[in-house]
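Note that full-length UniProt numbering numbers the sequence shown so that position 44 is 44, with each residue one more than the last. Ideal placement from N, C-alpha and C gives every residue a C-beta, glycine not left out.
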Amino acid sequence: MTVAMAEAIKMPNEHVFVPGGENSRSFRNALGAFTTGVTVVTATTPEGPIGMTVNSFASVSLDPPLVLWSPAKNSSRYPAFSGATHFAIHVLSADQDVLSARFTRNGRAFDDLDWEMNDEGVPVIPGTLARFECRQAAAHDAGDHTIIVGEVLRAAHRDGDPLCFSGGAFGRFSRQ
Numbered sequence: 001m002t003v004a005m006a007e008a009i010k011m012p013n014e015h016v017f018v019p020g021g022e023n024s025r026s027f028r029n030a031l032g033a034f035t036t037g038v039t040v041v042t043a044t045t046p047e048g049p050i051g052m053t054v055n056s057f058a059s060v061s062l063d064p065p066l067v068l069w070s071p072a073k074n075s076s077r078y079p080a081f082s083g084a085t086h087f088a089i090h091v092l093s094a095d096q097d098v099l100s101a102r103f104t105r106n107g108r109a110f111d112d113l114d115w116e117m118n119d120e121g122v123p124v125i126p127g128t129l130a131r132f133e134c135r136q137a138a139a140h141d142a143g144d145h146t147i148i149v150g151e152v153l154r155a156a157h158r159d160g161d162p163l164c165f166s167g168g169a170f171g172r173f174s175r176q
């Protein structure tokens, strides 16, 4: 479909564009309309534990149990995660926005944080809404990101409401 065709069927107040170049902000805004959960992914490096806040998480398969996430290649933490054989994905609860903020850019996010090492030597954070302890099963090039598929070795969950991210802001899910 061309932009001209899309313009002909657009809704009032709808911005139609072709992604790329000068429209990168519009593309990000369109993606921001999709509400996601918020996770912290952790792994271990020779220098110690590492983690980052991520919203590109999805289930892939129940049998075998597989999940995915996709770090940006331009992230300073990308080499550590792309090379990690094991990692953990922690789904954050609505009251864990401060925990999320710790891992957005903080190189010392584990300082004064309650955490422990699992059997594979991966840092795990207790008290999150859910946790998936994974072995890297595959990695796929995807433009400026890499899709990392994890085979879930262990999982945990508790009751609670998830922390959400939409339109560039954190929020809560409202049940109807």
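Provide the residue(s) that pair with residue i in DSSP beta bridges, ordered along the chain.
i	result
residue 56	Its beta-bridge partners do not exist; DSSP assigns none.
residue 49	44
residue 166	169
residue 117	123
residue 61	66
residue 36	165
Where does the unbroken beta strand (DSSP E) through residue i begin, and where does it stop?
i	result
residue 39	39–45
residue 264	Residue numbering for the chain in the displayed model covers 1 to 176; residue 264 lies beyond these limits and cannot be assessed.
residue 139	130–142
Between which residues of its own chain and residue i is the CB-CB distance below 8 Å, once the five residues before and five after are set aside?
i	result
residue 121	44, 86
residue 124	42, 88, 90, 115, 116, 117, 118, 131, 133
residue 52	40, 41, 71, 75, 77, 81, 103, 104
residue 37	55, 57, 91, 92, 162, 163, 164, 165
residue 101	53
residue 135	85, 86, 120, 150, 151, 153
residue 168	32
residue 47	none
For the ligand NAP, is there a heavy atom less than 7 Å away from the beta-carbon of residue i?
i	result
residue 95	Among the components of this structure there are no ligands whatsoever, and the ligand NAP is therefore not found.
Grab me the residues of residue i's own chain with a C-beta within less than 7 Å of its C-beta, minus the 5 sequence neighbours each way, in chain order.
i	result
residue 138	149
residue 166	32, 35
residue 129	91, 92, 93, 157, 158, 160, 162
residue 173	161, 162, 164
residue 171	164
residue 15	26
residue 12	none
residue 23	17
I need the boundaries of the alpha helix (DSSP H) containing residue i, first residue and last residue.
i	result
residue 32	24–32
Just to confirm my understanding: we take residue i, look at its own chain, exclude 5 residues before and 5 after, and list those with CB closer than 6 Å. What are they?
i	result
residue 96	163
Original post:
Below 8 Å, can you find three or more Cβ-Cβ pairs linking the region 67–84 to the region 143–161?
Top reply: The region 67–84, when compared against the region 143–161, does touch it at the 8 Å Cβ threshold.
Original post:
Taking three-plus beta-carbon pairs below 8 Å as touching, is the region 85–92 in contact with the region 37–51?
Top reply: yes
Original post:
Counting Cβ pairs, one atom from each stretch, are 3 or more of them under 8 Å apart for the region 57–67 and the region 102–109?
Top reply: no
**OP:** Pick out the complete alpha helix (DSSP H) segments inside the region 68–105, 4 residues or longer, and give them in chain order.
**Re:** 78–82, 97–105
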